[in-house]
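Engineer: Mind looking over this structure? Questions follow.
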Amino acid sequence: MTKQGEICPICGEGHLDHRVEKNEVEYNGHSAQLDCHFSVCDSCGSEQASPIQIRNNKRAMMAFKKQVDGILTGAELKALRQRMGINQSEAAAIFGGGPVAFSKYESDDVMQSEAMDKLLRVAGEFPDVLSSLAQKAGIDILGQSQAAVLSSDPAKYVRFELPIIIETEAPDLKRPKLRLVHSSEPTMRPVSDEWVAVSSQRYASC
Ligand SMILES: [Zn+2]
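Here is the structure:
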């Protein structure tokens, strides 16, 4: 943001006053009112935008385009990555895009490709996909994701449960019901209203 009181670079006398106005924008048949940041000189009256103001305006427009295109916005992508328990550079190593890709996606400087967007959604939905990609990238997400699971609100991690239930519907055999709770990384299952991390066991009796 341009600080109020900065000297106007055009007249060299007045001071710049930061303003935010709603600006009507259109993209692919959709319109929205976005915040437009700029400054006005209190002496010569010229309107101008600093590089930071221009960047903020561009980011707001990019977030709007992502919404229209059905692509995760920067804020949504960041929330998804955080639920995965990985930082930006780990995300880049796991999903590709280059070292600063996720910084640019999350700040709405760049729109991720449709393919990247779909991959992220799938990895967010299926922990096996995430752990397989992480393994291929040589990233150990087990320790962190387990720590995150145990220290955070369990409700946030519902997506990470593996609800693959294998039940034997054969009462005549009196077999115990088996439930797949783990394949390759810790996951959770509800036990008496509490969530527990289950590790290293492939099957557990219900
Ligand atoms: Zn001026």
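Under the numbering used here, read the sequence shown as residues 237 to 442, first letter to last. Cβ coordinates follow ideal geometry from the N, Cα and C atoms, glycine included. Here the structure is a predicted model, which is why all the values come from computation and not from measurement.
#1: What does a CB cutoff of less than 6 angstroms around Val465 pick up in its chain, not counting 5 residues either side in sequence?
#2: Quick one, which of Ala299, Cys244, Ser286 and Gln289 has its alpha-carbon nearest Met347's?
#3: For the beta strand (DSSP E) containing Glu249, list its first residue and its last residue.
#4: On the criterion of 16 or more Cβ atoms from any shown chain inside 10 Å, does Asp344 qualify as buried, or is it exposed?
#5: Using DSSP with H/G/I as helix, E/B as strand and the rest coil, what is Asp305?
#6: Give a yes or no on contact between the segment 335–344 and the segment 287–305, applying the rule of three or more CB pairs nearer than 8 angstroms.
#7: Tell me which residues pass a beta-carbon proximity test against ligand 1: closer than 6 angstroms to any heavy atom, given in chain order.
#8: What whole-angstrom Cβ distance do Leu356 and Leu308 have, given they're in contact under 8 angstroms?
#9: Suppose the cutoff is 6 angstroms on Cβ atoms and the five residues either side in sequence are ignored; what does the same chain contact list for Glu326 look like?
#10: For Lys258 and Ser282, what's the separation of their Cα atoms in angstroms?
#11: Do Gly334 and Met352 come within 8 angstroms of each other at the CB atom, strictly closer than that value?
#12: Is the distance from the Cβ of Arg317 to the Cβ of Phe338 below 8 angstroms?
#13: Only counting the same chain, and skipping five residues up and downstream in sequence, which positions put a Cβ closer than 7 angstroms to that of Glu260?
#14: Using a threshold of 8 angstroms, state whether the C-beta atoms of His254 and Ile243 are closer than that.
Structural biologist: Checking against the coordinates, here is how it stands:
#1: Residue 465 is absent from the structure shown; the chain starts at 237 and stops at 442.
#2: Comparing Cα positions, the closest option is Ala299.
#3: Here Glu249 belongs to no beta strand (DSSP E), and DSSP marks it neither H nor E.
#4: buried
#5: If DSSP states are grouped into helix, strand and coil, Asp305 belongs with the helices.
#6: yes
#7: Cys244, Ile246, Cys247, Gly250, Cys277, Ser279, Cys280 and Ser282
#8: 7 angstroms
#9: Excluding positions up to five away in sequence, the list reads Ile375.
#10: 19 angstroms
#11: Their beta carbons are not under 8 angstroms apart, which means Met352 does not touch Gly334 by this criterion.
#12: yes
#13: Ser267 and Gln269
#14: No, they are not a contact pair.
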